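Here the structure comes first, spelled out in structure tokens, and everything after it is commentary.
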Amino acid sequence: MNDVRIAAVSEELLDLDVHLTAVEDPRLGAVTTFVGRVRDNDPDAQTPVVGLEYSAHPDAEATLRRIAEEAGAGADAPAVVAVSHRVGRLDVGDAAVVIAVASEHRAEAFEVCRAVIEAIKSDLPVWKRQLEVDGTTSWKGIGG
435 MNDVRIAAVS EELLDLDVHL TAVEDPRLGA VTTFVGRVRD NDPDAQTPVV
485 GLEYSAHPDA EATLRRIAEE AGAGADAPAV VAVSHRVGRL DVGDAAVVIA
535 VASEHRAEAF EVCRAVIEAI KSDLPVWKRQ LEVDGTTSWK GIGG
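Residue numbering for the sequence shown follows this note's numbering, starting at 435 and increasing by one per position.
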């Protein structure tokens with residue numbers, strides 16, 4: 435029972451509770467989450483970061499679903515996944531990525547959650563433009 439219940443790329447605010455509800459299953463006792471938020475700093479930034487602008491390839495949502503399916507398929511036990519990535523303008527503190535994973539046991543839930551975020555960072559066709567307080571901007575691609 436590997437099941438992807440949410441795989442979305444959206445301009446809407448991301449809601450952790452929606453993802454937790456999506457993975458609810460009385461057969462599964464472990465739930466892990468990951469929330470990636472916009473922070474006010476970056477090692478490459480000379481001044482404080484004030485926001486990020488994310489853009490995505492039209493196939494990004496299909497790629498996100500594939501990432502979630504492959505992460506679940508690679509686990510030792512069945513997993514249920516809900517994952518979303520936000521696009522558009524995000525301010526410091528906004529959630530850019532939300533992942534919830536349910537499995538029978540914690541090891542598999544953690545394993546799948548980590549596999550999803552690592553694959554997002556390396557494979558999802560989403561790019562971000564980092565905005566600094568002094569007006570400086572820089573583009574970061576897949577893996578950035």
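Where is the CB? At the ideal position from N, CA and C, for every residue including glycine.
All values reported here derive from a predicted model rather than from experimental measurement.
Query	Result
Close Cβ partners of V546 (< 6 Å) along its chain, the five nearest in sequence each way excluded	A505, G506, A509, A513, V535
Burial state of L447 (16 or more Cβ within 10 Å)	exposed
Residue range of the unbroken beta strand (DSSP E) whose run includes R540	First-last for R540: 540-557, but that is the alpha helix (DSSP H), not the beta strand (DSSP E).
Length-filtered (3 minimum) beta strand (DSSP E) runs lying within the stretch 495-531	513-520, 522-525
Cβ-Cβ distance between V532 and L462 below 7 Å	no
Neighbour-count burial assignment, E445, 16 or more Cβ in a 10 Å radius	exposed
Residue interval of the beta strand (DSSP E) (run including L565)	560-566
Beta-carbon spacing of V472, D437 below 7 Å	no
Residue range of the beta strand (DSSP E) that includes T481	Per DSSP, T481 belongs to no beta strand (DSSP E) and is neither H nor E.
Under the three-state DSSP convention, the category D449 falls into	coil
L486 in three-state terms, based on DSSP	strand
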